[in-house]
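*Asks:* In the numbering used here, the protein residues as written are 120 to 268. Can you read through this structure? Questions will come right after.
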């Protein structure tokens with residue numbers, strides 16, 4: 120009986136350690152190729168800093184859209200993830216995955232990352248950080264690509 124109570128207490132005390140925070144940013148986005156990308160803040164990290172991941176899955180219909188993993192990236196994050204969208208930042212008529220983060224604190228500065236996806240590979244295409252809180256992150260990413268041509 121004593122072992123049973125000890126086991127029950129251990130399970131109850133350890134349960135919160137294995138649950139993810141409810142306010143953690145995580146989203147899926149369907150790509151024109153039919154693939155699915157999942158973007159998420161790092162598990163068990165502070166909301167204001169840490170990492171984010173982008174995972175790419177083969178084209179499939181729900182509920183299998185995240186069954187067949189093909190590629191992924193983990194990036195440093197300063198702030199909380201705020202939005203994920205598709206936009207063409209280099210004018211090649213192919214959209215990139217755009218991940219936008221807002222810094223914590225009074226500045227509320229923006230960062231944005233453009234990731235390319237081809238077949239089963241993800242790559243960082245462009246990044247901007249320290250943008251003013253009301254900046255257009257897609258336009259800022261487009262400017263970096265024009266400067267690099």
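Glycine residues also receive a C-beta, built at the ideal position from the N, C-alpha and C atoms. This structure is a prediction, so every number in the text was calculated from the model and none was measured.
Beta-carbon separation of residue 228 and residue 249 under 7 Å?
*Replies:* yes
*Asks:* Is the region 176-184 close to the region 198-206, with three or more CB pairs under 8 Å?
*Replies:* The region 176-184 vs the region 198-206: no contact.
*Asks:* Which residue wins for smallest C-alpha separation from residue 168, given the options 215, 188, 144?
*Replies:* 144
*Asks:* Tell me the start and end of each unbroken beta strand (DSSP E) in the region 161-248 that is at least 3 residues and wholly inside, in chain order.
*Replies:* Segments of the beta strand (DSSP E) lying fully in the region 161-248: 168-176, 188-197, 199-206, 215-221, 229-237.
*Asks:* From residue 154 to residue 192, what does the alpha carbon distance come to, in whole angstroms?
*Replies:* 16 Å
*Asks:* List the whole-angstrom C-beta distance separating residue 260 from residue 247, where the pair is believed to meet the contact cut-off of C-beta under 8 Å.
*Replies:* 6 Å
*Asks:* If we call anything under 7 Å between Cβ atoms a contact, is residue 256 one with residue 219?
*Replies:* yes
*Asks:* Go ahead and pull the three-state DSSP assignment for residue 250.
*Replies:* Residue 250: strand per DSSP, three-state reduction.
*Asks:* Could you check the C-alpha separation between residue 263 and residue 245 for me, to the nearest Å?
*Replies:* 7 Å
*Asks:* Given residue 240, which residues of its chain have a CB within under 7 Å of its CB, disregarding the five upstream and five downstream residues?
*Replies:* 190
*Asks:* Less than 7 Å between the beta carbons of residue 174 and residue 198, yes or no?
*Replies:* no
*Asks:* According to DSSP, which residues form a beta bridge with residue 258?
*Replies:* The partner list for residue 258 (beta bridge, DSSP) is empty, contrary to what the question assumes.
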